[in-house]
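So the sequence shown is numbered by full-length UniProt numbering: it starts at 1 and just counts up by one. No residue lacks a Cβ here, since even glycine has one placed at the ideal position from N, Cα and C. So the structure is just underneath, and the comments pick up after that.
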Amino acid sequence: MWNREVASKASPPVQPAQVLGAQTKPKPTPPSERGPGSIGKSVVIKGELSGSEDLTIEGQVEGSIELEQHVLTIGPNARITAEVSAKAVVVFGEVMGDIKATEKVVIRDSGAVSGDIAAPKVAIAEGARFRGGIDMQATAAAASGPGDGADRSPQGQARAVSSQRLQANAATEVEAVSSPTVPRHS
Numbered sequence: 001m002w003n004r005e006v007a008s009k010a011s012p013p014v015q016p017a018q019v020l021g022a023q024t025k026p027k028p029t030p031p032s033e034r035g036p037g038s039i040g041k042s043v044v045i046k047g048e049l050s051g052s053e054d055l056t057i058e059g060q061v062e063g064s065i066e067l068e069q070h071v072l073t074i075g076p077n078a079r080i081t082a083e084v085s086a087k088a089v090v091v092f093g094e095v096m097g098d099i100k101a102t103e104k105v106v107i108r109d110s111g112a113v114s115g116d117i118a119a120p121k122v123a124i125a126e127g128a129r130f131r132g133g134i135d136m137q138a139t140a141a142a143a144s145g146p147g148d149g150a151d152r153s154p155q156g157q158a159r160a161v162s163s164q165r166l167q168a169n170a171a172t173e174v175e176a177v178s179s180p181t182v183p184r185h186s
């Protein structure tokens with residue numbers, strides 16, 4: 001038992017594992033198929049920010065933001081000190097600077113904007129804070145095509161007067177929307 005020689009057994013040759021399918025590298029997902037880009041809470045950017053995809057910002061940006069054909073979402077933790085230009089802007093956080101949008105600007109109830117807004121559509125939720133002017137004509141006229149942007153038709157002139165009244169009363173109207181309605185007695 002102790003002095004027995006162990007017979008060496010020949011082991012079968014090792015064969016490489018077989019590949020079941022063709023080996024392919026994963027293809028990168030085009031930006032249009034991915035979700036929006038994101039800037040995290042701890043990120044601070046100073047300078048010019050531009051892109052060709054939708055973007056959500058949770059961090060801080062100082063300078064300028066240009067997303068001409070895309071949607072910019074300012075998250076609830078974001079602090080923006082910049083001139084903003086995008087197709088649409090949705091504000092949950094804070095923006096100090098002018099906002100220009102070719103479609104719309106929406107300030108949610110947690111949002112705060114200190115600056116002028118130029119967009120054909122503007123929505124300010126109850127509880128949102130806004131300080132600045134609103135121009136709903138200039139951006140719509142610029143988006144409509146060449147020329148001086150002035151609509152000389154009676155409807156265009158009526159919209160211009162309406163827009164001027166809106167600009168003059170923007171602060172009052174926002175305050176009225178944000179404060180509770182008190183019934184008036186005659």
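- Query: Would DSSP call Glu-53 helix, strand or coil?
  - Reply: Taking the first residue of the sequence shown as position 1, residue 53 is located at position 53. Here Glu-53 sits in coil by DSSP.
- Close-in-space but distant-in-sequence residues of the same chain around Leu-72 (CB under 6 Å, 5 per side omitted): In the sequence shown, counting from the first residue as 1, residue 72 sits at position 72. Once the five neighbours on either side are set aside, the close Cβ partners of Leu-72 are Leu-55, Ala-86 and Val-89.
- Message: Assuming the contact rule is C-beta atoms closer than 8 Å, Gly-111 and Gly-133 should be a hit. Round their C-beta distance to whole Å, please.
- Response: Translated into the one-based positions of the sequence shown, residue 111 becomes position 111. Translated into the one-based positions of the sequence shown, residue 133 becomes position 133. That belief does not hold up - the Cβ atoms of Gly-111 and Gly-133 are roughly 17 Å apart, past 8 Å.
- Query: What is the rounded straight-line gap between the Cα of Leu-67 and the Cα of Ser-50?
  - Reply: Locating residue 67 in the sequence shown gives position 67, where the first residue counts as 1. Locating residue 50 in the sequence shown gives position 50, where the first residue counts as 1. C-alpha separation (whole angstroms): 6 Å.
- Leaving aside the five residues before and after Ala-82 along the sequence, list all residues of the same chain whose C-beta is less than 7 Å from its C-beta, in chain order. Locating residue 82 in the sequence shown gives position 82, where the first residue counts as 1. For Ala-82, where only same-chain residues beyond five positions count, the Cβ hits under 7 Å are Val-61, Glu-62, Gly-63, Ser-64, Ile-65 and Gly-97.
- Short check: CB of Lys-46 to CB of Gly-59, under 9 Å? Against the sequence shown, residue 46 aligns to sequence position 46. Against the sequence shown, residue 59 aligns to sequence position 59. No. Outside cutoff.
- Query: Buried or exposed: where does Asp-109 fall if 16 or more other Cβ atoms within 10 Å of its Cβ makes it buried?
  - Reply: In the sequence shown, the residue the question calls residue 109 occupies position 109. With fewer than 16 Cβ atoms within 10 Å of its Cβ, Asp-109 is classed as exposed.
- Message: On a Cα-Cα basis, can you pick out the residue from Met-136, Val-95, Lys-121 and Asp-116 that is closest to Lys-104?
- Response: As a first step, residue 104 must be located in the sequence shown, where it is residue number 104. Taking Lys-104 as reference, the option from Met-136, Val-95, Lys-121 and Asp-116 with the minimal CA-CA separation is Lys-121.
- Item | For Gly-37 and Ala-128, the rounded distance between their alpha carbons | For the purposes of this step, residue 128 is identified with residue 128 of the sequence shown, where counting begins at 1. For the purposes of this step, residue 37 is identified with residue 37 of the sequence shown, where counting begins at 1. In a straight line, the C-alpha of Ala-128 is about 25 Å away from that of Gly-37.
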